Structure formats: structure tokens, C-alpha cells
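Be aware that the sequence shown starts at 1, since it is given in UniProt numbering, and climbs by one per residue. We treat Cβ as the ideally placed atom computed from N, Cα and C, and that holds for glycine. Since we're looking at a predicted model, the values are computed, not measured.
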Amino acid sequence: MEAVTIIDVAPRDGLQNEPEVLEVTTRVELIERLLAAGVPRVEIGSFVNPRQVPQMAGAGEIARLLAERGHNLAARASNDTFRFTALAPNQRGYELAAAAGLRHVRLVLAASDGLNQANFKRTTADSLAEFSQLALRIHHDGIAFGVAIGASFGCPFDGYVSPERVLSIAEHAADMGANEIVFADTTGMAVPTQVAALCAMAVRRLPHVTLTIHLHNTRNTGYANAFAAWQAGIRSFDAALGGIGGCPFAPRAVGNIASEDLVHMFNGIGAPTGIDLPALLAASDWLSATLGRPLPALTGKAGPVYAQVATPANHRS
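Structure below.
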């Protein structure tokens with residue numbers, strides 16, 4: 001069965017909504033524990049204004065510490081993807097990420113004007129116009145970039161967001177040279193049929209770009225949505241260790257899908273991730289102790305099922 005890639009976003013989307021600001025060295029330890037468990041890609045932080053998101057202060061120092069500790073910031077997870085990435089919401093964020101040595105960044109905007117205004121104080125069209133110019137500089141600098149599209153499945157301010165609007169933004173990003181498009185369910189509004197429809201259209205229309213889905217489990221549909229995306233042909237998934245996370249600018253955007261629960265699901269259906277589940281569960285236990293509270297993820301609580309569950313494809317009566 002075709003492998004899937006899991007990008008752990010706990011150091012960024014996971015921690016940005018936490019009340020406590022973790023030390024840079026603690027965040028580096030989190031990243032190293034994820035890598036030790038075999039996580040192929042990690043979003044190490046966000047190059048945003050630390051006055052707005054203090055939990056992300058020190059992102060450049062994290063990158064430099066990783067390099068000092070022997071991690072190659074230019075390492076690739078595959079021919080088309082890089083092991084390390086970080087969020088950059090604007091030109092200044094990109095400049096800081098590039099200066100820190102990162103070779104891949106994720107630019108970010110929202111498919112809805114309401115969320116884009118709340119996050120970035122501009123319309124979606126304004127963000128796209130800025131990124132079109134910024135992409136020229138990024139290419140000149142020899143750095144790769146993806147574009148994350150928030151509110152791909154609905155907006156807490158504007159409500160319904162049409163799939164055609166989302167795909168138009170995605171195609172614009174691909175035309176700019178983005179090597180990855182991330183469809184983000186920022187506030188957990190999606191349902192599986194909606195995810196399947198958008199992802200199937202994206203797979204058909206964007207065959208040469210890495211397509212990633214970023215899901216929240218706000219309304220307990222996150223894993224059903226992940227399975228629907230997988231059935232539609234998506235093979236790259238954002239998730240956060242322990243199921244932590246949320247967006248400080250989007251109301252009720254609680255909880256990413258948990259990396260360990262997603263790995264457990266893919267193990268059960270026979271889709272390889274390359275991740276050591278016991279090591280990932282140990283990392284989640286460490287994170288729970290570090291944050292001083294139980295985390296939303298469930299596999300560590302109930303215990304993994306290591307035998308592959310019988311399916312029509314593998315069951316013989």
C-alpha cells in the first residue's frame with residue numbers, strides 16, 4: 001500500500017494556543033523527540049510578531065539550535081519535500097525564516113476574507129498579491145515554499161466557503177511555484193463528504209504539487225475527515241503530537257488531530273507512515289508532563305491495537 005507522510009505541527013500550531021510559553025530549548029527537545037520517533041517532517045515554529053503570538057517567540061533561535069545540534073535544515077524528506085518547515089505569514093516572516101537557515105517555508109492565508117482580516121488585517125486577494133511578488137524573491141533565493149489555505153472548509157466569520165474559491169487560490173499558488181498546498185480546516189468545520197469532494201478535485205487539478213490536509217478535531221470529525229482525504233488520494237497529513245493546538249485568531253479552533261492517533265489509524269489499514277508508534281507515544285507522555293495536563297490524544301490512554309484490523313482486503317473467512 002502507498003505510504004503516507006505525517007507532518008507534525010505541534011511545535012507551531014500545537015503550542016501557539018497554549019497559555020504557557022515554553023522555553024526555546026524545550027521546543028527543540030520536542031522537535032528532536034519527534035524526529036527520534038521517525039516523524040519525517042516537522043513544522044518547527046512560526047515567524048510571526050511575538051507580541052501577537054508570544055508562544056512563537058524565538059523561532060529563529062530554534063532553527064539555529066537545531067543546526068548547531070547537527071540537524072541539516074536543508075535535509076529532504078522526499079524528492080519534493082523538506083524535513084523542516086516553518087510558517088511565514090508575510091515578507092518579514094519569510095526574511096526571518098531565510099536568515100535562520102530554513103530552506104522551506106509555508107506562506108499562509110485564509111480562503112475567506114473574514115478570517116484573513118482577523119489574522120492578517122487584509123483581504124485574501126491582498127495576501128495573494130503580496131505572495132505573488134514574494135514568490136519571485138523566494139525563487140531567487142533558492143528556497144522552496146508551500147502555501148497553507150486556512151478556512152478551506154468553512155469560516156467562523158463568513159460561514160460557507162466554496163470549493164471553487166479554495167481551488168482557485170490553490171491553483172494561483174501552484175502557478176507562483178509553490179511545491180505544496182495545504183488545505184486547512186482551521187476551526188474543525190468540515191465533514192467527510194465535503195473533504196472527499198474538495199480533495200478529489202484537488203488531486204485531479206493539481207497533480208504535480210504535494211497536497212497536504214490540515215485537520216482539527218473540534219467537533220470530533222477529524223479522523224473521519226482524514227480517512228476521507230486518504231480515500232480521495234491525499235497522502236500528506238498535518239497532525240500534532242497529543243492533539244494539542246488551535247488558532248489564537250479563530251474562535252473555538254481547538255485541537256489538531258493527534259499524530260499518534262493518526263499513525264495508529266494508518267497502521268490499522270496497512271498504510272505505512274515510517275513512524276515508530278511506541279516512541280511517538282513516549283514523546284506524547286513527555287509533552288503531557290511538560291505541559292502539566294492530560295492531552296486529547298486517545299491511543300496512549302487506551303493502548304494501541306498492534307494487530308491489523310480485518311478489512312475486506314485482508315480478511316479471509
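- Put simply, the backbone Cα of residue 37 is about 30 Å away from that of residue 191.
- In its chain, beyond the 5 residues on either side, 177 have a beta carbon closer than 8 Å to the beta carbon of residue 139.
- Between the C-alpha atoms of residue 114 and residue 72 there is a straight-line separation of about 38 Å.
- With respect to the 7 Å criterion, residue 151 and residue 193 are not classified as neighbours on the basis of their beta carbons.
- For residue 195, the closest alpha carbon among the candidates 174, 222 and 143 is that of 222.
- The continuous alpha helix (DSSP H) containing residue 60 extends over residues 59-68.
- In this chain, the beta strand (DSSP E) harbouring residue 46 covers 41-46.
- In the displayed model, residue 164 falls within a helix according to three-state DSSP.
- DSSP, reduced to helix, strand and coil, places residue 234 outside both helices and strands of the structure shown, so it counts as coil.
- In this structure residue 55 is buried. Its beta-carbon is surrounded by 16 or more other beta-carbon atoms within 10 angstroms.
- Residue environment for residue 294: exposed (fewer than 16 other C-beta atoms within 10 angstroms of its C-beta).
- According to DSSP, residue pairing for residue 150 in a beta bridge involves 110.
- Secondary structure of residue 208 (DSSP, three-state): coil.
- Rounded to the nearest angstrom, the gap between the Cα atoms of residue 168 and residue 210 is 16 Å.
- Per DSSP, reduced to three states, the secondary structure at residue 137 is helical.
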